[in-house]
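Structure record follows, encoded as structure tokens.
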Amino acid sequence: MYCFPFRQCAKVALISESVKGPLPDLQQISRKIQTVLEDLEELQNYWDTNMQSLQVSFNKQLHEIRDTRQKINAILDKIEQNTIKELEDKMTSLRASVKTNVDNCSKLQNKLKRLSDTMHEIVDKGKAELSFIASKKCLEKNKQSEAYLIENLVQVESSLTFQVDSDFQQYLSKLSGLGRIVVCTQAVPLPGAPNKVLAVQGKSEYNVNIPSDSEKRCYIRAICVLLNDQILVADHDNKRVKLLDHQYQVVGHCDLNDCPTDMCLITPSEVAVSVYENKTYEVQFVSMNDGRLVKGRKLQFIHPCFGIANNQQDLYITSGTALNKYSMTGDLLHKLYEDTSGISTGNIMLGISGYILK
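Take the sequence shown: its position 284, counting from 1, is numbered 1752 in the working numbering, and each next residue is one higher.
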């Protein structure tokens, strides 16, 4: 017989009695074990791949940080060059002014010396007419020289001083880094995971109009759920992103430059909103701060922005005819797809298995 050690057996049975019933299907059990082993091996492979992709992500972000540093260095070099040029320009101007004064003073000295020498020669010759003419010229030139001395009686000594922009230095000293490091997670079901059938549990309608809306109709183009289960909706016709509470009541909003066309999560508290209308081609970042919606940085583009999705800190944006991959700073990384046979040949959705053009 068999029993569990270290505890009192509630029921004791002989093995010979237990095997009187149908024998267990050992092959079926073996197949189940094999299936579990395959799933575990697949999971192990996934974690190995995830470790590699994590290292790739680390290397990529490290490159971004160093690239950002190089860009900042280039900006600082340009600022330094502009400041040095300003110094050189002012030095050139002051040098020209001082040189003009030196030349004028030298000219007066030379003229007075020549007249003085001429006076001595005339006195030696003893001619009255020449003495009269020379005296007139000497007195006139001497008067000019005295006037020049009076004009320059008080001299201003020029010098150059560099006044440091203390606000600029204080701003830099307050920065703790070149940016934020955000950990992004994404649910990726394994290929062997069982497919789930989704069923509609129910449907409800809510009015998300607010008194300041310019249009009575709310055309909701996108919905995102934040970390605290609050909901953001992109209201196309009213050019707003609206914040809903758990009862789907509007508790805040953020005005956009134009009509939002799509929206995606960047972090659990930040979204990126694609905006397109009347030649406005941009992506506006909006975040939650103390329960309020706050507009952050904005990216400008040369093409319309329709669909938008985020994956591993890269933005995927459709223009209506193309799917482009951008960095978070708006740099074009790659054009993934393009079909110019019509004016609207593709939008984008972020599915659990990747990006789907439709």
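Every residue, glycine too, gets a C-beta built ideally from N, C-alpha and C.
For Gln-1781, the three-state secondary structure derived from DSSP is coil.
By the Cβ criterion, the segment 1632-1639 is not in contact with the segment 1507-1514, since fewer than three pairs of Cβ atoms, one from each stretch, lie closer than 8 angstroms. With respect to Tyr-1749, Pro-1728 sits apart: the two C-beta atoms are not nearer than 8 angstroms. DSSP places Ile-1678 outside both helix and strand once states are collapsed to three, so it counts as coil. Per DSSP, the continuous beta strand (DSSP E) segment holding Asp-1730 begins and ends at 1728-1735. Taking all protein chains shown into account, Asn-1792 has 16 or more neighbouring C-beta atoms within 10 Å of its C-beta and is therefore buried. By the criterion of at least three beta-carbon pairs nearer than 8 angstroms, the segment 1736-1752 is not in contact with the segment 1713-1720.
The continuous alpha helix (DSSP H) containing Glu-1597 extends over residues 1596-1619. Met-1756 is bridged by DSSP to Leu-1761. By the Cβ neighbour-count rule, Asp-1703 is buried, with 16 or more other Cβ atoms within 10 Å of its own.
Each of Met-1796, Arg-1708, Arg-1689 and Gln-1529 was checked against the Cα of Ile-1678, and the nearest Cα belongs to Arg-1708. In the structure shown, Glu-1683 adopts coil according to DSSP, grouped into three states. Annotation for Ser-1787: no alpha helix (DSSP H) segment contains it, and DSSP assigns it neither H nor E. Its Cα nearest to that of Val-1751, the residue Leu-1783 stands out among Thr-1551, Asp-1758, Tyr-1616 and Leu-1783.
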